[in-house]
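Have a look at the structure below before the remarks.
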Amino acid sequence: MAAFRLFLFFFFLLFYLQPSRSHESCHPGCDLLVPIHFPFQMMSNPPENRCGYGGFTVTCKNETRNILTFPFSGDFVIDSISYFSQRISITDPCNCIARRLLQGFNYSDTPFQPLDTLNFTFLNCTSDAPVFQSPGGVSPIPCLSSESHSFVALPTERVGASNTSSCTEAVTFMHPSLDDSIKDSILLTWKEPDCGRCESDGGFCQYKYDTSSEVSCFTPFDHGKLLIPCNYTYVCY
């Protein structure tokens, strides 16, 4: 009888420790170099699969690109995702991130925020403007420039110290950047769900149960036949 009770105890323990198995049927995305998994999810996944967290929905473009849509700034291509550091790099589908910044990049109503920001000023210059001859190697932005005019972006604090004759200021804006140059991509981070430690330990996050709003870290065991919760967990709101 004692052995039978022990069997029942472990049976029910393992049953209740089983997380949602939705991850097993979640689409991994359309770019093999940028796999999509929790907290991100593909829009093509049925809602009942609960593959991702709110605000992390991704779509496919031409079956080769993962697209992240910002409510106030439109579509961006996902260039890379670091699930360990919880950072995402996005690029412009038309390869002109500077144009998107000129239009105003707004990440409101999303779970993302920049690691840091700098004030930049866009200058519209003639192609032979002195600013291109000044020390520091200022270069025009190819996708915004023509034979007669060139756009350049400078940290606002450097504009006064540069020879900007033959240039007119177009716009000043806050740019999510770690240095004083406009890159081909924008680097953002997210805080919740906080699964960086889980990922770095070789685990993965998902909803704890099929009907729960609680997210837990799980570690694969025995080739995925059993998933054991890690020690840290938190509740979504």
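Numbered per our numbering, the sequence shown spans residues 6 to 242. No residue lacks a Cβ here, since even glycine has one placed at the ideal position from N, Cα and C. Note that the coordinates shown come from a computational prediction; the quantities given were computed from them, not determined experimentally.
| Query | Result |
| --- | --- |
| Under 8 Å by Cβ, that's how I've got Gln-46 and Gly-201 pegged, so tell me the actual separation to the nearest angstrom. | Contact doesn't hold; Cβ gap of about 18 Å is too wide. |
| Compute the Euclidean distance between the alpha carbons of Leu-149 and Ala-103, then round it to the nearest angstrom. | 8 Å |
| Helix or strand or just coil, what does DSSP make of Pro-181? | strand |
| Could you have a look at Thr-169 and say whether DSSP puts it in helix, strand or coil? | coil |
| How many Å lie between Asn-124 and Ser-78 at the Cα? | 19 Å |
| So what does DSSP say about Asn-50, is it helix, strand or coil? | coil |
| Excluding five sequence neighbours on each side, which residues of the same chain lie with their C-beta closer than 7 Å to the C-beta of Ser-30? | Asn-54 |
| Which partner residues of Arg-92 appear in the DSSP bridge assignment? | Ser-87 and Thr-194 |
| Taking 6 Å as the cut-off, does the CB of Ser-190 come closer than this to any heavy atom belonging to the ligand SAM? | Absent from the structure shown: the ligand SAM. Ligands present: none. |
| Spatial neighbours of Gly-34 within its chain, please: C-beta separation below 7 Å, excluding the five flanking residues on both sides. | Pro-40, Ile-41, Met-47, Val-63 and Asn-71 |
| On the three-state DSSP scale, how would you describe Leu-123? | strand |
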